[in-house]
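Residue numbers (the working numbering), protein chains in the order written: chain W, 1 to 615; chain C, 616 to 1230. Backbone N, C-alpha and C fix where the C-beta goes; we use that ideal spot for every residue, glycine too. See below for the structure under consideration.
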């Protein structure tokens, strides 16, 4: 189906909005009146710009407070409408949105409303324009789609139809089933928005908190199915008022928006992008760093062995159990400091996974970085993290592992690690019982947190859990986990309280172990430093839970945190931070969460540690 | 009365919170449990730190889900309470807050609740501790203060009383009159918070949107009067959960918080700071600039004459009618670029105005900058703007004007203006009919918008109007005007959408004229450049209003914007921006607003102009 977006959904000048919509693949736009008023381009210039960009102007919006008002007021409204219809002709827009009245003088008189709308439609028809009448959720007398449709039906004019808006319908809890009773040709337009399920004033909710379909709590797809059952064949158009999008760059927001419509079309069965290929595990996490030594020291103390080196690039593979970490010191890395740059995901069908990602607008990365490398499928996530779709040790497919030569300290080695960590001369390790990567925590750009969850859900086929708030000493964070069914892929998406918030710019890699106490001890014995946890935390644990003799003392000594849920217990501890990355050792005995209960203590301890070491 | 603040109301580590509370003048604190848990200081160290800072620990909070739960659960609760009472003894805190239960297993049984609370109080008494039971607005069975008090009364234990919280009471619309029936000695604690009047889920409202008394929509003072009528003599304590304060620096937030309690005490009649002295006019606005030439060019074209020069400093006085603008090129100014740095307010009693400001925690500025200057009373507003309390031409008082020598171009002149603007050799001007400063627009630091309104209201005795939202192309702004009764002092406080938002860092000076068309023409003839307004705006004006022949064409030609309200019409236009400042010419024929309707068009036009001129 054709896709469209209201210019109010994007930030910037009208030109910036149109360009972003076109580049993201939209077929058309709704022109929001205020965006036109504020533009230095005249209507004919906007029309030409849209044509150049391959965009139709599907709607001009909004006209307000037209119907069921006193006669003198209505005469003024018709005069105003004539001006706007002339403008629309210059603009080349043939449908206008009329919202149900919120005018203080509007009366509750459906016959008068129908009469006024019929007169308006008659005038519109002279200009070749159609009027789409929509019930605002907070309309003075008309605030349900059924009521708006009854008035349109009574007015009975060919240039008058209705506009449906998923927010106005679903925010009031109206049942969208009744839509099926409206003839499709009388549905002149369909506006789509989702929203988080907030119990708040509907006007404020609408103006500040709308989001793209699939990012909120509404069943937008269910509504669209009802609309399609009528034979509606107009565009699917996004109209999203959102304080965050107003500040975000228009380009990425438009991509996020268009992806949401692609997913929606798949959900309702009118589009069939390549099917999702759900990852079945984490092949590796890749750290980039200007200086491998501090990372190598921590990995060594964690019991990782430097198992292999990339044949052509300064990338080491560190391994313990099934946990693999690449340490990349190549040139590009030097610019960004130490950070988590890429994730290798085990994929049953790497090429298929990449095809789906590409269809859902993820930037595809070059398959082969160098002539001799294995050709790998990879895309970029919204936060810039590179996602590699891997087939480790499957002979029929390109294998990332084949780019690495076994054995550390080979001819490409630019550093000799030595010292208090786990690698001996043979590349073997003392080990700390780490079995695999439990989860990866990625910090998201502030303006794209909702996009990130939808991306991981739709592109990778992961399941998104509920978002949780976590108190940092310097602001409230939000965190949301995405996982596959068996929990072998878990990614925690985090975001700070504000665009400037740099308190949480610490990504981390959590390592699964079956005995976190033993792992923590061995890490310390190997010279590793664990994050100190305040003694007060353990006094509180003692008040909340009963522990075996000595257990709490062990946790206190090592800095191990404790939580439990209905499924089991959770014990975890943290290394000190290197650059923007730290490691977590976790022992997950059935527990399904991520220790959110302990996150405020961890965050405060990290601030303390940073203040102490001046990092 | 004694004042206190909950540590959760301030950002940072526990140490930072305590320091900020002490410096702002609080007598005590409530220690929020999570702040203690996250602190590396043990209870005894926190106790010592508080003593050093002159702070008592008035409350430890919160204990949750204690009462009316199954017996096994209650036994665990008593065990937990014993731990916490031991902790409180180490901390030196003698009152604990217990919130009404939200536990899923809690039963609706007042007798059981009273029995459990009596047992808890009995245990507390052994530790010399008092239990203050509070109804959460979202408590499972107990959610009104009256209900909580009935249970406390039934429990009838000397170590058990109630805690009242203005948010929990007023957010539910409970009538606070019933408080007067509770014996004062059974009100163990009083927590205060205000909140904007939002129709939203009360838990979310409470956790994210509370603010300090006087900054929201609740009648907190009325509630406090009821509490005081009982004989309550404990502290007035602020407990404010707010997403913005969580990110703001603790120091300024604590000052803002304490000021709100000082004003509250004055309102309820238990404190008598020096009375407000409402300003009666704007004596001057002071611009600082590293380069006087661009500012002088605009002022000259606006018809201002350079009327005088400061006797000892590089400050020129430009005047037209009663509008006076100081242009300061002194060294300090060079660091910040061109901006609005100070406002002279005509005051019936400058010293009294300064005494009130000081009593309400405004930083007092040195009265005399140099030995020969007139001693002026001045304070700093929260945004750093210097406010001078002036007595222009009143012989009995120090006169700022006496520091200036009449006649421009004197021996201190470092620049000769010349060219296409209004000053001739004698310091006289062609004039554009500007009569006085209509209003001043100041950009507020993002974290202190609510503080700014309370400051101007309480310190200066101005009236604060409603806050309005204004759409900028790159984010939503908020704006709120403060005025005196006759409108001779009007200050518009603006704030961007986010801490990083630099789109609105343009302060401005609006100049009142009785004929904006004539003024705009003369400005242009004198070489001034007005902000171009898009033609589309005038098409819309034509659709919305009827104008005399040629009127709209004139507005279009000059870039004059138009609005009207119930009181009259408004015509206004803008100069191009110099540094961070621009000027507005306004013709206000009874109109009471500030052209908010036109602000989105103005903001977009400023972005366009900036893009065009590369500024």
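Beta-carbon spacing of residue i, residue j below 8 Å
{"i": "residue 1095/C", "j": "residue 1079/C", "result": "yes"}
{"i": "residue 1192/C", "j": "residue 1145/C", "result": "no"}
{"i": "residue 670/C", "j": "residue 865/C", "result": "no"}
{"i": "residue 808/C", "j": "residue 878/C", "result": "no"}
{"i": "residue 985/C", "j": "residue 927/C", "result": "yes"}
{"i": "residue 787/C", "j": "residue 759/C", "result": "yes"}
{"i": "residue 279/W", "j": "residue 347/W", "result": "yes"}
{"i": "residue 1004/C", "j": "residue 965/C", "result": "yes"}
{"i": "residue 33/W", "j": "residue 61/W", "result": "yes"}
{"i": "residue 1069/C", "j": "residue 875/C", "result": "yes"}
{"i": "residue 1205/C", "j": "residue 1130/C", "result": "no"}
{"i": "residue 507/W", "j": "residue 580/W", "result": "yes"}
{"i": "residue 931/C", "j": "residue 913/C", "result": "no"}
{"i": "residue 159/W", "j": "residue 124/W", "result": "yes"}
{"i": "residue 217/W", "j": "residue 488/W", "result": "no"}
CB-CB length for residue i against residue j, believed under 8 Å
{"i": "residue 599/W", "j": "residue 470/W", "result": "4 Å"}
{"i": "residue 601/W", "j": "residue 511/W", "result": "The pair is not a contact, with the Cβ atoms about 20 Å apart (cut-off 8 Å)."}
{"i": "residue 46/W", "j": "residue 96/W", "result": "Residue 46/W to residue 96/W, Cβ: 16 Å. No contact."}
{"i": "residue 1207/C", "j": "residue 1180/C", "result": "6 Å"}
{"i": "residue 977/C", "j": "residue 892/C", "result": "Not really, about 13 Å apart at Cβ, beyond 8 Å."}
Collapsed DSSP secondary structure at residue i in the structure displayed
{"i": "residue 1012/C", "result": "coil"}
{"i": "residue 1191/C", "result": "coil"}
{"i": "residue 318/W", "result": "strand"}
{"i": "residue 83/W", "result": "helix"}
{"i": "residue 815/C", "result": "strand"}
{"i": "residue 1127/C", "result": "strand"}
{"i": "residue 208/W", "result": "helix"}
{"i": "residue 125/W", "result": "helix"}
{"i": "residue 472/W", "result": "strand"}
{"i": "residue 60/W", "result": "strand"}
{"i": "residue 703/C", "result": "helix"}
{"i": "residue 453/W", "result": "helix"}
{"i": "residue 1165/C", "result": "coil"}
{"i": "residue 871/C", "result": "helix"}
{"i": "residue 168/W", "result": "helix"}
{"i": "residue 484/W", "result": "coil"}
{"i": "residue 34/W", "result": "helix"}
{"i": "residue 759/C", "result": "coil"}
Burial state of residue i, where buried means 16 or more other Cβ atoms lie within 10 Å
{"i": "residue 567/W", "result": "exposed"}
{"i": "residue 16/W", "result": "buried"}
{"i": "residue 1067/C", "result": "buried"}
{"i": "residue 443/W", "result": "buried"}
{"i": "residue 779/C", "result": "buried"}
{"i": "residue 213/W", "result": "buried"}
{"i": "residue 544/W", "result": "exposed"}
{"i": "residue 1034/C", "result": "Interpretation of residue 1034/C is limited by its pLDDT of 38, a score under 50 that renders its predicted location unreliable; the figure taken from the coordinates is listed afterwards. Label assigned to residue 1034/C: exposed."}
{"i": "residue 1199/C", "result": "buried"}
Heavy atom of the ligand COA within 7 Å of residue i beta-carbon
{"i": "residue 994/C", "result": "This structure does not include the ligand COA; it has no bound ligands of any sort."}
>> So if I threshold CB-CB distances at 7 Å, which residues from the segment 57–86 of chain W count as touching chain C?
In response: Here the close residues are 80, 83, 84.
> Listed in chain order, which residues of the segment 230–264 of chain W have Cβ atoms closer than 8 Å to some Cβ of chain C?
Replying inline: From the segment 230–264 of chain W, only 243, 246, 247 have a Cβ closer than 8 Å to chain C.
> Listed in chain order, which residues of the segment 459–484 of chain W have Cβ atoms closer than 9 Å to some Cβ of chain C?
Replying inline: Contacts with chain C (Cβ-Cβ distance below 9 Å) from the segment 459–484 of chain W involve 469, 471, 472, 473, 474, 475, 476, listed in chain order.
>> To be precise: take each residue of the segment 632–657 of chain C, compare its Cβ to all Cβ atoms of chain W, and keep it if any distance is under 7 Å. Which residues remain?
In response: Against chain W - using a Cβ distance shorter than 7 Å - the residues of the segment 632–657 of chain C are 649, 651, 652, 653, 654, 655, 657.
> Along the segment 751–780 of chain C, what residues have a CB closer than 9 Å to any CB found in chain W?
Replying inline: Residues of the segment 751–780 of chain C whose Cβ lies closer than 9 Å to any Cβ of chain W: none.
> For the segment 1178–1194 of chain C, which residues have a beta carbon sitting closer than 8 Å to at least one beta carbon of chain W?
Replying inline: Correct list: empty, as no residue qualifies.
> Any residues in the segment 381–412 of chain W with a beta carbon nearer than 7 Å to a beta carbon of chain C? Which ones, in chain order?
Replying inline: Against chain C - using a Cβ distance shorter than 7 Å - the segment 381–412 of chain W contributes no residues.
> When Cβ atoms are compared, which residues of the segment 541–559 of chain W fall closer than 7 Å to chain C?
Replying inline: Flagged, chain order: 542, 543, 544.
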